[in-house]
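For the record, the sequence lines run as chains A and B.
With the first sequence counted from 1, adding 161 to any position gets you the working numbering.
With the second sequence counted from 1, adding 21 to any position gets you the working numbering.
The beta-carbon is built from N, C-alpha and C at its ideal position, and this holds for glycine as well.
A quick write-up on the structure given underneath.
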Amino acid sequence: MTPLPGPWVHPEFRLMERNRAYCCAELCVLADRIRAASTAPTRFGVGGDSVATLVASLMAADAMNSEVVLQRRGTTVPLDLGVTVAPDGQLTLQGPVFDTPGSFCVIVASSGTTGGPKLARHEFARLLARIPAEPHTEARWLLTFDPSTFGGLQVILTALVGGATLIADPGAAVPRLADAAIRHGATHISATPSFWRAFLLAMRTPPPLSVVTLGGEAADQALLDKLCEQFPDARIGHLYASTEAGALFMVRDRRAGFPASWLEQGIDDIGLRVRTGVLEVRSPRMMLGYLGNDGPPVSQDGWLVTGDLVELAGDRVVFTGRADDIVNIGGVKVRPEKVERVIRAVPGVFDAAVSARPSPITGHILTATVVPAPGADPDATRLAVRRTAEERLSPAERPRIVDCVDQILLTAAGKKNRAAVPATPL
Amino acid sequence: MPGTGSALGTGRIIVELGSGMTLAQQPIFDAIVEELSTLITDKGLPVPRIEAETEFLGDSLPIDSLDLATLLVMLERRTGHDPFRDGFRQFSTVGQLAALYVP
C-alpha cells in the first residue's frame, strides 16, 4: 500500500483548527481510515466545515489515485460520489464510481462565466506546480477563505507543502479570525481585499505579519497603501487567479493592477492579452475542464476569456470590473439578475431592478428598486422583500437597501437601467 | 457657546466633548447611532448602548462587514457626503467614523 502522506506533504505541517491542534501523523491516521472506505479508486465528497477531514481526504485520495470534490456549504453537486466524508470524519459509502480520470484530481465549484455554477476538475500535479516548494516551517498561515474554494485550497496546499502551521476556523466571522490571528501569532495571511478592510477595522494590535497577500477581487491602491503602512516589513502582493485558470501571477510592487509590459512579455510562463477590453490568459496549468464538458472554455490557440475588464493606465493595466453581470461582494461572486428574479417573485412586487453599488468595505453591495403592485403598501412590500431575501439568498446576495418607486427607468435600448437612481422614492 | 472663551474670535470654535469628539461632530454621531439602530432593529435584535468608543466590528455591536457597508451607503444618502470617495480609510469606532465626515 502507498505510504501516507504523499511526498508533497511536509512532515512538520500542523493544523490549529478551532483551538484543536493536529500534527501530520494524526491527520495520516484520519486519512488511513478514509482510504480504507474503498478498495478501488473512487470519488470523495468533502465539505469546508472541517479542514482536518478535508486535508485527510486529500491525503487519502492521493494515495489511491482518486478524486476529491470540494463541496460548498449549502450546495449539492450534480455528481456521483463514492464516499462522503462528514466534518466529524464519519464516512458514508454511496456506491461505486467508474468515471474517475485515474489520476489524483480535485474538483472545485466555480461560479462560472455563464449560466449556473460549474465544476472545474484540476489535476493535482498541476495545482502543486504553482505552490512554492521551499519549506517555511516557521510560518503560521491564517486561513481566511472558505476551505472548499480555490483560494482556500491554495492556502491549505501552501501550508502543507511548506510544513507551516495552518490556523483555521471555518465559517468564523472576521473579528473571530482577527482574534485567532493574534492569539496564534499568524505570520502569513492571504485574503480578499474585503477581508483585509474588515480585518484592519477589527484588529486592535496588528499581528506580526511577514507575508500579506490579496486575491479574489481587484486590489485598489488605497488599500495597498494602508496595508504597507500597517505592515511595513511584510512582503505584500496581490494574486491573480481563477477557478478555471488556476493561480496565474503575483504582483509584488505594491501598486494596483499589473505592469503593462507583461502584455508583451508574459509573466513566468503565463501569456496575457486584452481583447475588446477583456483580459485573456494562457496558462500551462489550467484546469483539465468542466465536468460534463471536454475541456476548459478556451479558444483554439489556448486563450481563456477571464471576463475581467481592464484598462491601460500609463505603464499599468488596471482592473475596472466585469464584462458579464457578475459582481464581487466581499469576495463572493453574485449575479444581480438572479437576485432580481427572486425579488420579482415576492407577492406585492410588480417589478424590481437590482444594482451593485461600490462600497469601500466589501467592494460592492446590492441595492434593490422595487415597484409595488397596484394597491400594495410600500412598507409592507419592502418588508416582504427583506424576509424573502433572508430566506432564499446568501448574505452577500441580499439587497441591503430596498427602495420603492412608481416606475423603473429604462435605457434607450429598452433595457432596465440598473444604474438608474430612483427618481421619486415612494 | 459653553466653555470656549479662548477659541472665540479665531473663526473656528472647537469644543472637545468628553469622548474626544468635537461639538461639530455631534450631528453626524447622532445620525450614525440612528442608522445603526435601524440596521440592528431590522435584524430583530436589541440595540446596545452606542458610544463614541464603540467598535463596529468588535464584540459590542451585532453587525458584520456587509452591515457596515450598508451603514456607509445610508450615511451617504443622508448627508450627501462620501468620505470614502478616494478609497478605503481606516476607522474602528463610531467616533472615528464621525471624524471622517466632520474632521
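- Cβ-Cβ distances below 7 Å link A:Leu473 to Ala421 in the same chain, with the five nearest sequence neighbours on each side left out; the list follows chain order.
- Using a 10 angstroms sphere on the CB of A:Phe360, the tally of other CB atoms reaches 16 or more, which defines it as buried.
- CA-CA distance, A:His349 to A:Ala300, rounds to 7 Å.
- Against chain B, a Cβ distance below 7 Å from A:Ile522 picks out Ser86, Leu89, Ala90, Leu93.
- If you look at A:Arg181, you'll find it in the beta strand (DSSP E) that goes 181-184.
- Distances from the alpha-carbon of A:Glu295 to those of A:Phe311, A:Met447, A:Thr319, A:Phe285 put A:Thr319 closest.
- Taking a Cβ-Cβ threshold of 9 Å, the residues of chain B close to A:Val335 are Leu78, Asp85, Ser86, in chain order.
- When DSSP states are grouped into helix, strand and coil, A:Leu304 belongs to the strand group.
- Note that the region 66-79 of chain B does not touch the region 503-514 of chain A; fewer than 3 beta-carbon pairs, one per stretch, sit closer than 8 Å.
- Within the region 356-385 of chain A, the runs of beta strand (DSSP E) at least 3 residues long that lie entirely inside it are, in chain order, 372-375.
- Around the C-beta of A:Phe285, 16 or more other C-beta atoms lie within 10 Å, and the residue is accordingly described as buried.
- C-alpha of A:Arg496 to C-alpha of A:Gly256: approximately 35 Å in a straight line.
- For A:Phe311, the enclosing alpha helix (DSSP H) begins and ends at 311-323.
- Going by C-alpha positions, A:Gly536 is about 20 Å away from A:Arg548.
- Taking a Cβ-Cβ threshold of 8 Å, the residues of chain B close to A:Ser355 are Ser86, in chain order.
- Judged by DSSP secondary structure, B:Leu60 falls within the alpha helix (DSSP H) whose first and last residues are 47-63.
- Of A:Val439, A:Asp512, A:Ser516, A:Gln461, the smallest CA-CA separation from A:Gly482 is found for A:Val439.
- Considering only A:Val190, A:Leu424, A:Leu385, the residue with the shortest C-alpha distance to B:Gln111 is A:Leu385.
- Bounds of the beta strand (DSSP E) holding A:Met177 are 175-178.
- Contact annotation, A:Val244 with A:Leu314: C-beta distance approximately 19 Å; criterion of less than 8 Å not satisfied.
- Put simply, the CB of B:Asp107 is near chain A, with a gap under 8 Å to one of its CB atoms.
- Closest in C-alpha terms to A:Leu242, from the list A:Ser355, A:Glu178, A:Asp260, comes A:Asp260.
- A:Leu554 has its alpha-carbon roughly 13 Å from the corresponding atom of A:Lys494.
- Under the criterion of beta carbons closer than 8 Å, A:Ala217 and A:Leu188 qualify as touching, at roughly 5 Å.
- Assigned with DSSP and collapsed to three states, A:Leu388 falls in helix.
- Spatial neighbours of A:His345 in its own chain (CB-CB distance under 7 Å, excluding positions within 5 residues in sequence) are listed in chain order as Met177, Arg301, Ile328.
- Residue-level contact check: A:Leu470 does not touch chain B, since none of the beta carbons of chain B fall below 8 Å from its beta carbon.
- DSSP, reduced to helix, strand and coil, places A:Leu240 outside both helices and strands of the structure shown, so it counts as coil.
- From the beta-carbon of A:Pro497, no residue of chain B is found nearer than 9 Å; the closest lies around 15 Å away.
- When 8 Å is used as the limit between beta carbons, B:Phe50 is near no residue of chain A, the shortest such separation being about 18 Å.
- Look at the region 195-272 of chain A and you find these whole runs of alpha helix (DSSP H), each 4 residues long or longer: 212-224.
- When 7 Å is used as the limit between beta carbons, A:Gly491 is near these residues of chain B: Ser86, Leu87, in chain order.
- Non-local beta-carbon contacts of A:Pro354 in its own chain, meaning distances under 6 Å to residues more than five positions away in sequence, involve Leu375, Glu378, Ala380, Leu384 in chain order.
- Residues of the region 300-331 of chain A whose Cβ lies closer than 8 Å to any Cβ of chain B: none.
- In this structure, A:Arg434 sits near A:Leu424, with a CB-CB distance shorter than 8 Å.
- Boundaries of the beta strand (DSSP E) harbouring A:Pro533: 524-533, taken from the DSSP string.
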